[in-house]
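Going letter by letter, the sequence shown gives residues 1 to 329 in full-length UniProt numbering. Think of the CB as a built atom: it goes at the ideal place given N, C-alpha and C, for glycine as much as any other residue. Here the structure is a predicted model, which is why all the values come from computation and not from measurement.
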Amino acid sequence: MARDGINPSRSRTTDYQPARVTVAVLTHLPHQMGYFESRLDVTRMTIESILVNTGEPFDLWVFDNGSCKPMVDYLCGLRDEGRITQLILSSKNIGKPAALQAIFKACQSEIIAYTDDDVFFLPGWLEQHLRVIDTYPKVGAVTGFYIRERMKNGIDSTLAFLDRPGVESQRGLLMPASWEEEYRVNSGRSQERYDAEVAGLEDIRLNYQGVEAWVSAHHFQFVAPREVILQALPQEWTGLLMGKMVEMDLTIDRLGYLRLCTGNQTVRLMGNVLDPEVLALAGQCGIQLQAGHKTSRPTSGFMNALYRLPVGKRLIHGLYNQLYKVINS
């Protein structure tokens, strides 16, 4: 077969060196209707807050899980501007477990800061995560927003650490009420559901070598040594769009690693719409994004009366779920 010359890249090396930390964002916007109506704005806020509020050197990777054109165009624009280090565009939604496998296998950084695409990062967030990782021994994952419900499982190794010399701990209902309300509202939980989830649980706050942390972590956002997560992720193809994340948490714990949260809240869970409080925080950081319109249920008339009835609410939610499956099939 004919060949015209020699590839000029042969025998050459790249001048790119992976940063110690890669921030990895998983994005997914199948369309801009219903639940996803304001999701592009939320994702933009996630990425912009990372770019503006991260003081430590980092690479930014984005794995897009089969999004529609507006999301892809936005991400390609950031890549072309040099703001995204690595952009992976999947033509199909391969699911969160498989996307995490791809990210953690391909990335060569020592530490990976993973996040879903609905998290706002506060100034200094990465420094505070790294302070925990670099101070506490054998850390498996650190999250920037403590959630009491995560005290249910996956913390045996962390609890065993409490008996180590030099570890100070406090137990009780220590979580600020504002954090609880923020989590409840932005995760779409009713007060009754939240109360049931945290019934009988207590918080544990630690101080080790002057660095404070909370016992437990979450999988919607975490900073972790790459090698730890590679051990904890499913080793086979699952085909699941979601799931296997609690199993990952449990495996990290079973391997003997600590699962912690930063002492201060360093991230905010946004949900699927930008609220005025997040917009105000963004404005203080120099991020200017307009809140998108979010369709809400009617406030008067027959549909509202129907929605207020338990059977009506179930009917409407069931219809919405069926339409969602048809749209995304």
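task = Using 10 angstroms around the beta-carbon of Met33, count the other beta-carbons present and answer buried if the total reaches 16, otherwise exposed.
result = exposed
message = Helix, strand or coil, according to DSSP, for Asn53 in the structure here?
response = helix
inquiry  = Taking the beta carbon of Asp249 as the centre, do at least 16 other beta carbons fall within 10 Å, making it buried, or is it exposed?
reply    = buried
task = My understanding is that Glu197 touches Glu149, with C-beta atoms under 8 Å, so please give their C-beta distance in whole angstroms.
result = 5 Å
ask   = Pick from Gln235, Arg259, Pro234: whose alpha carbon is nearest that of Lys152?
value = Arg259
query = Along the chain, where does the beta strand (DSSP E) that runs through Ser169 open and close?
reply = 167–172
The region 94–114 contacting the region 69–78, beta-carbon criterion three pairs below 8 Å = no
task = Please classify Arg150: does DSSP put it in a helix, a strand, or coil?
result = helix
Member of Met71, Arg171, Ile133 whose CA lies at the smallest distance from the CA of Leu201 = Arg171
ask   = Hey, is the region 201–211 in contact with the region 93–105, meaning 3+ C-beta pairs nearer than 8 Å?
value = no
request  = Under the assumption that Leu269 contacts Phe220 (Cβ atoms under 8 Å), give the Cβ distance between them as a whole number of angstroms.
outcome  = 7 Å
Contiguous alpha helix (DSSP H) assignments of at least 4 residues, all confined to the region 9–70 = 39–53
Neighbourhood of Leu130 by C-beta distance below 8 Å, restricted to the same chain and skipping five residues each side = Val21, Glu56, Ile111, Val223
query = How many angstroms separate the CA atom of residue 339 from the CA atom of Tyr257?
reply = Because the chain in this structure spans residues 1 to 329, residue 339 falls outside the shown range and cannot be described.
ask   = Within 10 angstroms of its Cβ, does Gly166 collect 16 or more other Cβ (buried), or is it exposed?
value = exposed
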